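Read through the structure below, which is laid out as structure tokens, and then see the notes.
Protein chains: 2
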Amino acid sequence: MNDLPPGALDLLVLQTLRAGALHGYALARRIQAASDDVLTIEEGTLYPALHRMERQGWLEAAWDRTDTGRRAKFYSITRSGRARLKKARTVWERTNAAIARVLEAEPA
Amino acid sequence: MNDLPPGALDLLVLQTLRAGALHGYALARRIQAASDDVLTIEEGTLYPALHRMERQGWLEAAWDRTDTGRRAKFYSITRSGRARLKKARTVWERTNAAIARVLEAEPA
DNA sequence: CCTCTACACCTAGACCATCAAGGTATGAAC
DNA sequence: GTTCATACCTTGATGGTCTAGGTGTAGAGG
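These protein sequence lines are chains R and G, in that order. So the first sequence is numbered by the numbering used here: it starts at 1 and just counts up by one. So the second sequence is numbered by the numbering used here: it starts at 1001 and just counts up by one.
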């Protein structure tokens, strides 16, 4: 539906988890809400990404129960994940600003 | 070197060509300069992308000579390409703003 | 009780753009 | 006559996203 640019997902996930651990499903809804429904995270995108980020040591996972008593895997950001977030954010802002400069360069 | 997000290249190329036809090599340098050397367009990325955009009817190509007398393939943006640019730009701005909203959502 | 919806997780395969790493050829300069 | 910048191209690998499935649980409504 959405065409989220690769790399952006890491940023969104890490940033969102800074506020506290969430399970995947809630994470997707949180991001969607925070973006005013512009960004939709497909589950087929999200879960592999979470696994990848866990392998990379940016996230830690733990099974727990939701408020409503359901089993769910809660992800929290690690120290390494915070460092990664900071770096990814810098790169994103830098790239973004560069693209904006090109887009604002006035054509004839 | 650079990790240009997929999709962004179309935007950069179309926008840059709005100012007038350019051949691939010059286009790459132009974008790099316009972005203050932040964005580097690899040739292995650029040429296939130009061919793709030509197939899609967004660009037209014509062999000609550069100022220095070299043969080069000059690309110009078509009407359809301008429409595409406008659309891609809207999507990009929208997505960008959405990501920015998520990044600015204050964590605890 | 039964069915439907929302929750919550997962994977396999296809797709596609980027990138790395090559290769060809011309003109100018030294 | 070799080297450099110009200018084009392709092949193969990589890797993240998306499509399209699948599993199972809990609660609500009929």
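From the three backbone atoms N, C-alpha and C, an ideal C-beta is built for every residue, glycine too. Small disclaimer: the values here were computed from a predicted structure and weren't measured.
Chain G residues whose Cβ lies nearer than 9 Å to that of leucine 12 of chain R
Mapped onto the first sequence, residue 12 of chain R falls at position 12. In chain order: Ile1099, Val1102 and Leu1103.
Do we get a CB-CB distance below 8 Å when we pair serine 1076 of chain G with the residues of chain R?
The residue given as residue 1076 of chain G occupies position 76 in the second sequence. Serine 1076 of chain G does not count as touching chain R.
Under 8 Å between C-beta atoms, does glutamine 56 of chain R make it to chain G?
As a working mapping, residue 56 of chain R is identified with position 56 in the first sequence. It does not: the Cβ of glutamine 56 of chain R has no partner Cβ on chain G nearer than 8 Å.
Buried or exposed for threonine 1095 of chain G, going by 16 or more other Cβ atoms inside 10 Å?
Locating residue 1095 of chain G in the second sequence gives position 95, counting from the first residue. Its Cβ being crowded by 16 or more others within 10 Å, threonine 1095 of chain G is buried.
Using 8 Å as the cut-off, can you tell me whether the segment 1017-1030 of chain G makes contact with the segment 1072-1089 of chain G, which would need three or more C-beta pairs spanning the two stretches below that distance?
Per the Cβ contact rule, the segment 1017-1030 of chain G is in contact with the segment 1072-1089 of chain G (3 or more Cβ pairs under 8 Å).
Could you check if serine 80 of chain R is buried or exposed, using at least 16 other CB atoms within 10 Å of its CB as the buried criterion?
Locating residue 80 of chain R in the first sequence gives position 80, where the first residue counts as 1. Exposed, since its Cβ has fewer than 16 Cβ neighbours within 10 Å.
Roughly how many angstroms lie between the CA atoms of proline 5 of chain R and glutamate 1093 of chain G, to the nearest whole one?
As a position in the first sequence, residue 5 of chain R is number 5, starting the count at 1. As a position in the second sequence, residue 1093 of chain G is number 93, starting the count at 1. Straight-line Cα distance between these residues: approximately 13 Å.
Closer than 8 Å to chain G by CB, alanine 34 of chain R:
As a working mapping, residue 34 of chain R is identified with position 34 in the first sequence. Closer than 8 Å: yes.
How would you call aspartate 36 of chain R, buried or exposed, if buried means at least 16 neighbouring beta carbons within 10 angstroms?
One-based indexing of the first sequence puts residue 36 of chain R at position 36. Exposed: under 16 other Cβ atoms inside 10 Å.
Any beta-carbon of chain R closer than 8 Å to the one on alanine 1108 of chain G?
One-based indexing of the second sequence puts residue 1108 of chain G at position 108. Reliability of the predicted coordinates at alanine 1108 of chain G is poor, the pLDDT of 48 falling under 50, and the value obtained from them is presented with this limitation in mind. True, the Cβ-Cβ gap to chain R drops below 8 Å.
Mind reading off the beta-carbon distance from glycine 50 of chain R to glycine 24 of chain R? Whole number of angstroms is fine, and I expect it under 8 Å.
Position 50 of the first sequence holds residue 50 of chain R. Position 24 of the first sequence holds residue 24 of chain R. Correcting the residue identity first, residue 50 of chain R is leucine in this sequence and not glycine. Going by Cβ atoms, the distance from leucine 50 of chain R to glycine 24 of chain R rounds to 6 Å, so yes, they are a contact pair.
For arginine 89 of chain R, go through chain G and note every residue whose CB falls closer than 9 Å to its CB, in chain order.
Position 89 of the first sequence, counting from 1, holds the residue named residue 89 of chain R. Neighbours of arginine 89 of chain R on chain G, chain order: Leu1103.
Using a Cβ cut-off of 8 Å, pull out every chain R residue sitting near glycine 1007 of chain G, in sequence order please.
Counting from 1 along the second sequence, the entry for residue 1007 of chain G is found at position 7. Within 8 Å Cβ-Cβ: Asp3 and Pro5.
For glycine 57 of chain R, tell me which candidate among R:Ala72, R:Leu85, R:Gly44 and R:Gly69 has the shortest Cα-Cα distance.
Taking the first sequence and counting its residues from 1, one reaches residue 57 of chain R at position 57. Comparing Cα positions, the closest option is R:Leu85.
Note down the Cα distance separating leucine 1011 of chain G from leucine 1046 of chain G, rounded to an integer number of angstroms.
Reading the second sequence from its first residue, position 11 is the one you call residue 1011 of chain G. Reading the second sequence from its first residue, position 46 is the one you call residue 1046 of chain G. Approximately 12 Å between the Cα atoms of the pair.
Cβ shell of alanine 62 of chain R (< 6 Å), same chain only, five flanking positions each side left out:
Mapped onto the first sequence, residue 62 of chain R falls at position 62. Cβ neighbours of alanine 62 of chain R beyond the five flanking positions: Phe74.
For the segment 1019-1048 of chain G, which residues have a CB atom closer than 8 Å to at least one CB atom of chain R, in sequence order?
Ala1019, Gly1020, Ile1031, Ala1034, Ser1035, Asp1036, Val1038 and Leu1039
Using beta carbons (cut-off 8 Å, strictly below), is arginine 79 of chain R in contact with chain G?
On the first sequence, position 79 is the one that residue 79 of chain R refers to. Answer no: the Cβ-Cβ gap between arginine 79 of chain R and chain G never drops below 8 Å.
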